[in-house]
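**Student:** Using numbering that gives the first Met the number 0, you'd call the opening residue of the sequence shown number 0 and step up by one each time.
Even for Gly, the Cβ is constructed at its ideal location relative to N, Cα and C.
These numbers come from a predicted model, not from an experiment.
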Amino acid sequence: MAASQAHQLWIIEAIGLKLAASASHIDSPNASLTLGQRLYAALRESIQSGALAPGSQLPASRRLAAALGIGRNTVLGAVERLVAEGFLRAQPGSGVFVAEWQPPPPAPRGGSDVLPPLSARGTRILDFERTLSGRHSAFAPGVPALDRFPRERWQRLLRRHQQRAPTAWFDYQSQGGVSALREVLCDYLQLSRSVRCHPGQILITQGAQQGFELVARLLADVGDTLWMEEPGYGGAQSCFVSAGLALEPVPVDAEGMNVAALAADTPAPRLIYVTPSHQYPCGVTLPLSRRMALLALARHHRAWIIEDDYDSEFRYASAPIASLQGLIEEAPVIYVGTFSKVLYPGLRLGYLVLPEALVEPFRRANARLHREGQYLVQAALADFIGEGHFARHVAQMRECYRQRQAALREALAPAVARGLVLSAGQAGMHLVARLDTLDEERTLVEQAAAADILLSPLSQYYLRAPVQAGLVLGYAGATPAEIARAGGWLARRWLALHGAD
Ligand SMILES: Cc1ncc(COP(=O)(O)O)c(C=O)c1O
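1. Any heavy atom of ligand 1 within a distance shorter than 7 Å of the CB on G234?
2. Mind checking whether L353 and F361 have CB atoms under 8 Å apart?
3. What do you get for M291, buried or exposed, if any count of 16 or more other CB atoms within 10 angstroms of its CB means buried?
4. Is DSSP giving Q324 helix, strand or coil here?
5. Quick check: the stretch 237-249 against the stretch 389-408, are there 3 or more CB pairs under 8 Å?
6. Expressed to the nearest angstrom, what Euclidean distance is found between the alpha-carbon atoms of P266 and L225?
7. Closer than 7 Å: is that where the CB of Y309 sits relative to any heavy atom of ligand 1?
8. Just to confirm before moving on: does the CB-CB distance between Q425 and A316 stay below 8 Å?
9. Thinking C-alpha only, which one of A119, A64, E84, A356 is nearest L75?
10. Would you decide whether N72 is buried or exposed? Buried here means 16 or more other CB atoms lie within 10 Å of its CB.
11. Is it the case that the Cβ atoms of Q324 and V194 are separated by a distance below 8 Å?
12. Could you tell me if the beta carbon of A260 falls within a distance shorter than 7 Å of some heavy atom in ligand 1?
13. For ligand 1, is there any heavy atom lying closer than 7 Å to the beta carbon of A242?
14. By alpha-carbon positions, which one of L57, T33, A41, K17 ends up nearest to A522?
15. Within 10 angstroms of its Cβ, does R378 collect 16 or more other Cβ (buried), or is it exposed?
16. Is S31 helix, strand or coil when you go by DSSP?
17. Considering only heavy atoms of ligand 1, does any lie closer than 7 Å to the CB of T274?
18. Please name the residue, chosen from S322, Q467, L453, T478, that lies closest to L489 on a Cα-to-Cα basis.
19. Take the Cβ of Q418 as the centre, count every other Cβ of all protein chains shown within 10 Å, and call the residue buried at 16 or more, exposed below.
20. Compare the Cα-Cα distances from I384 to each of L184, E371, Q236, A50 and report the closest residue.
21. Which residues share a DSSP beta bridge with S455?
22. Starting from V146, trace the beta strand (DSSP E) in both directions and tell me its first and last residue.
23. Output the boundary residues of the alpha helix (DSSP H) element that contains E371.
24. What residues match up with G70 in a beta bridge as DSSP calls it?
25. Is the CB-CB distance between A410 and G486 below 8 Å?
26. With G427 and D310 assumed to form a contact (beta carbons below 8 Å), what rounded beta-carbon distance in angstroms separates them?
27. Rounded to a whole number of angstroms, what is the C-alpha to C-alpha distance between L346 and V82?
28. To the nearest angstrom, report how far apart A263 and A450 are at their CA atoms.
29. Going by Cα to Cα distance, which pick from R159, P230, R163, R269 is closest to Q459?
30. DSSP three-state label for H300, please.
31. Looking only at its own chain, which residues have a Cβ that is under 8 Å from the Cβ of G49, when we skip the five neighbours before and after it?
32. Can you tell me whether P248 is helix, strand or coil according to DSSP?
33. What do you reckon, are the CB atoms on I124 and S241 nearer than 8 Å?
34. Please name the residue or residues paired with F96 in a DSSP beta bridge.
35. Under three-state DSSP, which class holds D186?
36. Would you say the beta carbon of Y334 is closer than 7 Å to some non-hydrogen atom of ligand 1?
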């Protein structure tokens with residue numbers, strides 16, 4: 000039914016008022032829009048607020064334009080857009096009407112109630128959030144010496160490939176990574192990590208985290224059990240939780256993951272996550288006898304071992320330890336590597352070394368779930384490794400971290416002399432300081448925050464109580480001066496808490 004003349008007049012006046020208001024108020028969100036955009040906004044607002052009721056007829060475009068003193072095309076443009084968006088309905092021969100539509104019920108008042116909440120899984124993932132090591136200072140764990148990264152050389156390699164890259168590299172990819180990178184990586188892994196592989200078994204990922212995610216999703220189902228080192232790496236814990244796995248903590252002792260300590264009724268694993276070369280965060284190395292036992296156990300349960308070899312390059316006093324994957328033929332192991340520690344975390348490049356049978360499914364699933372990319376960067380990285388810059392950088396970082404660790408030990412020496420226990424080892428990028436109580440841990444973490452020092456509590460690396468109190472002290476990303484300052488502070492605070500000056 001056509002609207003009455005009076006109603007049409009009212010509509011014109013109401014829209015005219017809105018238009019004038021949006022033009023005159025400098026701070027109106029519509030002030031910088033064109034006339035057509037402002038007309039569109041005025042009409043839409045009137046419809047959404049209910050001022051223009053569903054079913055009511057809009058004045059003819061010619062009339063509306065004349066009454067508002069604007070061009071007819073401006074009116075037609077705004078009306079067409081609202082028709083396309085479903086706010087107006089054009090009825091040929093009759094005119095344009097406000098569409099029948101139901102505004103959503105008003106949101107309940109009050110902050111977080113307004114939006115649907117996070118899922119239970121989402122909430123659990125956030126529970127696993129540990130101290131984020133996004134700071135290039137003492138004592139952020141896991142951050143390499145970003146100040147020592149050879150940026151200019153890296154830039155040159157990137158530029159080289161930017162110019163040369165085939166157009167296909169700008170497209171979607173599904174080959175598992177740049178073949179040149181997989182070849183040099185394969186050489187490196189065979190020689191320095193005793194990994195048994197050929198280049199085709201390597202799948203380039205966006206870091207270890209994505210590797211864990213793929214393994215969890217492709218080799219386990221929701222509710223399956225994963226054995227996890229206790230204490231262990233929070234990034235992997237969150238990833239496995241988000242895949243819906245049931246995490247079963249396995250105690251870590253002076254020789255690493257100790258499956259013999261598990262209760263007899265512990266659910267059998269589908270996956271076993273382990274950092275055998277340098278347990279994260281305790282820093283111990285899994286001895287050969289335990290490695291062989293773990294492999295036998297995985298075979299017995301038909302489980303896969305996820306070997307996270309995140310920082311094995313950084314042994315200062317001895318040669319790197321051979322991988323678990325390479326110990327026996329056809330080991331039930333997925334080897335996970337990352338460039339986050341050797342180069343820099345923002346690079347987001349890592350890799351999986353997969354048993355032959357898993358290569359195709361993983362390649363296809365990765366391309367489907369995550370999409371591949373960064374081929375240009377991968378090609379630059381292949382040259383970085385192939386031309387010897389990688390080996391040189393690793394050697395320099397080994398020396399740098401050896402010195403930084405020594406600086407930390409020196410700074411903490413007064414406390415160590417009075418009983419503070421530090422983890423042993425000539426490897427890695429962090430040390431663990433053991434504390435007597437969780438209260439002491441909390442006090443130190445809080446006091447450090449006030450002094451702008453980042454302390455990661457060891458208790459947060461545990462899935463379950465009881466926990467060992469302590470501090471994970473990353474030193475690799477901090478300068479010697481910063482280590483001396485923060486280390487000196489920590490030694491003094493620890494001594495004060497223990498009644499010694
Ligand atoms: C034990 C462990 N594994 C893997 C990684 C690397 O993860 P990504 O490659 O996702 O940066 C880290 C980094 O902190 C780590 O501590």
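**Tutor:** Judging by the given coordinates:
1. yes
2. yes
3. exposed
4. coil
5. no
6. 9 Å
7. yes
8. yes
9. A64
10. exposed
11. yes
12. no
13. no
14. For residue 522 there is no data in the structure shown, the boundaries of the chain being 0 and 500.
15. According to the sequence as given, residue 378 is Ala; it is not Arg. With 16 or more other Cβ atoms within 10 Å, it is buried.
16. coil
17. yes
18. L453
19. Note that residue 418 is Gly in the sequence shown, not Gln. With fewer than 16 Cβ atoms within 10 Å of its Cβ, G418 is classed as exposed.
20. L184
21. V471
22. In the sequence as presented, Val is not what sits at residue 146; that position holds Asp. Neither: D146 is in no beta strand (DSSP E) and is coded neither H nor E.
23. Where E371 is concerned, there is no enclosing alpha helix (DSSP H), given that its DSSP letter is neither H nor E.
24. According to DSSP, G70 bridges with nothing at all.
25. yes
26. 6 Å
27. 47 Å
28. 47 Å
29. P230
30. helix
31. P102
32. strand
33. yes
34. Q56, R88
35. helix
36. no
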